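Q: When the letters of the sequence shown are read in order and numbered with my numbering, they come out as residues 75 to 255. C-beta: ideal position from N, C-alpha, C; glycine also. Just so we're clear, the structure is a prediction, and the values are computed from it rather than from any experiment.
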Amino acid sequence: MLVILDRDGVINEDRADFVKTPEELVFIPNALEAVARLNSRGHRLVVATNQSCVGRGIITDEQLAVIHGKLLDALARVSGRLDDIIVAPDAPWEASDRRKPGPGMLIEAMRKFGQRPGETVFIGDSLRDLQAAHAAGCHRILVQTGKGHKTLSAGIDRKLLPVHVARDLDEAADYILDGRF
Numbered sequence: 075m076l077v078i079l080d081r082d083g084v085i086n087e088d089r090a091d092f093v094k095t096p097e098e099l100v101f102i103p104n105a106l107e108a109v110a111r112l113n114s115r116g117h118r119l120v121v122a123t124n125q126s127c128v129g130r131g132i133i134t135d136e137q138l139a140v141i142h143g144k145l146l147d148a149l150a151r152v153s154g155r156l157d158d159i160i161v162a163p164d165a166p167w168e169a170s171d172r173r174k175p176g177p178g179m180l181i182e183a184m185r186k187f188g189q190r191p192g193e194t195v196f197i198g199d200s201l202r203d204l205q206a207a208h209a210a211g212c213h214r215i216l217v218q219t220g221k222g223h224k225t226l227s228a229g230i231d232r233k234l235l236p237v238h239v240a241r242d243l244d245e246a247a248d249y250i251l252d253g254r255f
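1. Excluding sequence positions up to five away, which residues of its chain have a Cβ less than 7 Å from the Cβ of K127?
2. Going by CA-CA distance only, name the one from L204, Q205, D242, H213 that's closest to G220.
3. Helix, strand or coil: which one does DSSP assign to G229?
4. Would you mind giving the Cβ-Cβ distance between R173 and N113, rounded to the nearest angstrom? I have them listed as a contact below 8 Å.
5. With a threshold of 6 Å on Cβ separation, who are the neighbours of H213 within its own chain once the five nearest residues in sequence on each side are excluded?
6. On the criterion of 16 or more Cβ atoms from any shown chain inside 10 Å, does R111 qualify as buried, or is it exposed?
7. Spatial neighbours of K233 within its chain, please: CB distance less than 8 Å, with the 5 preceding and 5 following residues excluded, ordered by chain position.
8. Can you pull the DSSP bridge partners for H213?
9. Whole angstroms are fine: how far does the CA of D248 sit from the CA of G143?
10. Considering just the uninterrupted stretch of the alpha helix (DSSP H) at N113, what are its terminal residues?
11. Using a Cβ-Cβ cutoff of less than 8 Å, which residues in the same chain neighbour L99 once the five nearest sequence positions on both sides are dropped?
12. If the criterion is Cβ atoms closer than 8 Å, does the pair D158 and A139 meet it?
13. Please report the distance separating the alpha-carbon of R115 from that of A122.
14. Taking A183 as part of the alpha helix (DSSP H), name the residues at either end of that continuous run.
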């Protein structure tokens, strides 16, 4: 199965002012280990992340690469890895179909790894994550970290259902490893 993850609010703490440096990339407890557990069972993992801080000129592509280097190094220390990181750097006012809630990044990941939507699960923490996964036809898990609790409290539109709800990425990994999809 292909597992596509949002980054901010799922793997690392979400910041209203964006993750601009490696030091600001603070991992959610057990998130890295959850990725490693999924890897150990043969799942491919891809991060699909909106990073409008690039499109807004707050950080450069090179700075984002250094931040992602910290993520990859931290995963390697717990025997985890990502098969790809797909970024939509668009500013919201110049959004392409790749930027969530558009499904572009998810479709790109499925094509790259030869997976159909029914063989793909997307884990996110926001309404736009659920909208992107629905548009791509993927299974959906909403984590309650990051914006997840607020998203759940606001209610999930019926057209986006079914959505599995997990406490965090660690519990979402349990759903996948227990064969609930």
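A: Taking the definition as stated:
1. The sequence given here has Cys at residue 127, not Lys. Exclusion of the five residues before and after C127 leaves F92, K94, I133 as the residues of its chain whose Cβ lies within less than 7 Å of its Cβ.
2. Of the candidates L204, Q205, D242, H213, the one whose C-alpha sits nearest the C-alpha of G220 is D242.
3. G229 falls in the coil class under three-state DSSP.
4. Going by Cβ atoms, the distance from R173 to N113 rounds to 27 Å, so no, they are not a contact pair.
5. Hits under 6 Å: V195, F255.
6. That one is buried.
7. So the list reads H208, once near-sequence residues are dropped.
8. Answer is V195, bridged to H213.
9. About 26 Å.
10. Run containing N113: 105-114, per the alpha helix (DSSP H) assignment.
11. Around L99: N86, V93, I141, K144, L145.
12. No, they are not a contact pair.
13. For the pair R115 and A122, the Cα-to-Cα distance works out to about 21 Å.
14. Its alpha helix (DSSP H) spans residues 178-187.
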